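Trainee: Residue numbering for the sequence shown follows UniProt numbering, starting at 1 and increasing by one per position. Heads up, the beta-carbon is just placed ideally off N, CA and C, and yes, glycines get one too. Bear in mind the structure is a predicted one, so any value in this text is a computation, not a measurement.
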Amino acid sequence: MTGVREGKAAIPGGELWYWDTGGDGPPVVLLHSGTGSALSWPGQQTAFAEAGYRVIGYSRRGHYRSSAPPPEVPGSGADDLAALASALELGPFHAVAVAAGGIYAADFALGHPAALRSLVIAGSVMGITDADWQARLDALQFPGFRGLPHDFLELGPSYRAENPDGLTEWRRIHELAYNGGEMVIQHVTNDITWATLGRLAPPVLLIAGGADLYVPPPAMREVAAHIPGAQLVVMPDVGHSAPWERPEEFNRAVLGFLGRVEAART
């Protein structure tokens, strides 16, 4: 897409690399997965901008072109998002997050309830810390699960079988993802529990992939049941990376939701 501005926003102790389509439409900020970066949204950048939104993608600390923090001081993902929003003078914005990005989006939503127009989270249970829930999620993963190749864990088998070029590009972006050589796990500033999720202020859309190995649809249904008014869309055959695997279907769901939210604000 032409006319996209790139830059670096100052945050405490570093900088975040971002791209910004500009325009006067409502802002939409995209939060990538733990294996990705600001490069992970080719299917959304143009589509969302053409739908009338100002679209911003950014790389979290330690990810593509953003500064890598010292291991002992990873910073807060929510605080960094607040600093980015302030630097770009966004005002209230829509947050669209996938996988690990959902943790920081939920943390931001809990700490900055007036800053979001809406919250969209795909393939993430947002770091819920209730012990019984953690035990149930752990039971889904056999010993050595997280040591499997990232593309196997992140992309559904249908996508891997049908899209060899897309798989190659996903791997390329993943190989560029980490400035410091490994994923940065940032601090969470709010308790993310069943109780606190029930107090989320913005409208919420959850998207589940029918073939997501990390967060299968029953897990997302339970999360939706704990968030008053939350909507849930299940995308069959999709793994942990819905925006990448099925961009058109993902975009229809998200843009439809954002449109309803915007209409309700007028």
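Going by the DSSP bridge assignment, what does Trp19 pair with across the sheet?
Mentor: Glu6, Gly57
Trainee: Report the CB separation of Trp41 from Gly57 in whole angstroms; it is logged as a contact under 8 Å.
Mentor: 5 Å
Trainee: Counting beta carbon pairs with one atom in the region 210-218 and one in the region 172-186, are three or more of them shorter than 8 Å?
Mentor: no
Trainee: How many angstroms separate the CA atom of Arg252 from the CA atom of Ile207?
Mentor: 12 Å
Trainee: Can you grab the Cα-Cα spacing for the pair Leu172 / Arg61, in whole Å?
Mentor: Looking at the sequence provided, one finds Arg at residue 172 rather than Leu. Going from the Cα of Arg172 to the Cα of Arg61 covers about 19 Å.
Trainee: I'd like to confirm the pairing. Which residues does DSSP put opposite Gly209 in its beta bridges?
Mentor: Met235
Trainee: Going by CA-CA distance only, name the one from Arg65, Ala38, Ala68 that's closest to Val55.
Mentor: Ala38
Trainee: At which residues does the alpha helix (DSSP H) containing Val254 begin and terminate?
Mentor: 247-265
Trainee: Please go through the same chain and pick out, in chain order, the residues whose beta-carbon is closer than 6 Å to the beta-carbon of Ala47, but skip the five residues on each side of it.
Mentor: Asn251
Trainee: Within 10 Å of its beta-carbon, does Arg246 have 16 or more other beta-carbons around it, so buried, or fewer, so exposed?
Mentor: buried
Trainee: Exposed or buried, what is Leu137 when buried is set at 16 or more other beta-carbons lying within 10 Å of its beta-carbon?
Mentor: exposed
Trainee: Just checking Asn190 against the ligand GDP - is the residue's beta carbon closer than 7 Å to any of the ligand's heavy atoms?
Mentor: Among the ligands in the structure shown, none appear at all, so the ligand GDP cannot be discussed.
Trainee: Taking 8 Å as the limit between beta carbons, can you name the residues of its chain near Asp151, skipping five residues before and five after?
Mentor: The beta carbon of Asp151 lies closer than 8 Å to those of Arg160, Leu167, Trp170, Arg171, His174 in the same chain, with the five residues before and after it left out.
Trainee: Does DSSP classify Arg221 as helix, strand or coil?
Mentor: helix
Trainee: Measuring alpha carbon to alpha carbon, tell me which of Pro74, Gln141, Gly22, Asp130 ends up nearest Ala195.
Mentor: Asp130
Trainee: Can you tell which of Ala9, Pro243, Pro74, Thr266 has its C-alpha closest to the C-alpha of Arg65?
Mentor: Closest by alpha carbon: Ala9.
Trainee: Specify, as a first and last residue, the run of the alpha helix (DSSP H) that Ala131 falls within.
Mentor: Note, Ala131: alpha helix (DSSP H), 131-138.
Trainee: Secondary structure at Ala242, three-state DSSP: helix, strand or coil?
Mentor: helix
Trainee: Checking contacts by CB at 8 Å: is Pro42 closer than that to chain C?
Mentor: The structure shown contains no chain C; it holds only a single protein chain.
Trainee: By the DSSP assignment, the alpha helix (DSSP H) with Ser86 in it spans what residues?
Mentor: In the DSSP assignment, Ser86 falls within the alpha helix (DSSP H) that extends over 77-87.
Trainee: Between the alpha carbons of Gly111 and Thr189, how many angstroms are there, rounded?
Mentor: 8 Å
Trainee: Could you check which residue in Glu15, Pro69, Ala263, Leu255 has the C-alpha nearest to that of Glu50?
Mentor: Leu255
Trainee: Going by DSSP, what residue range makes up the beta strand (DSSP E) through Leu116?
Mentor: 116-122
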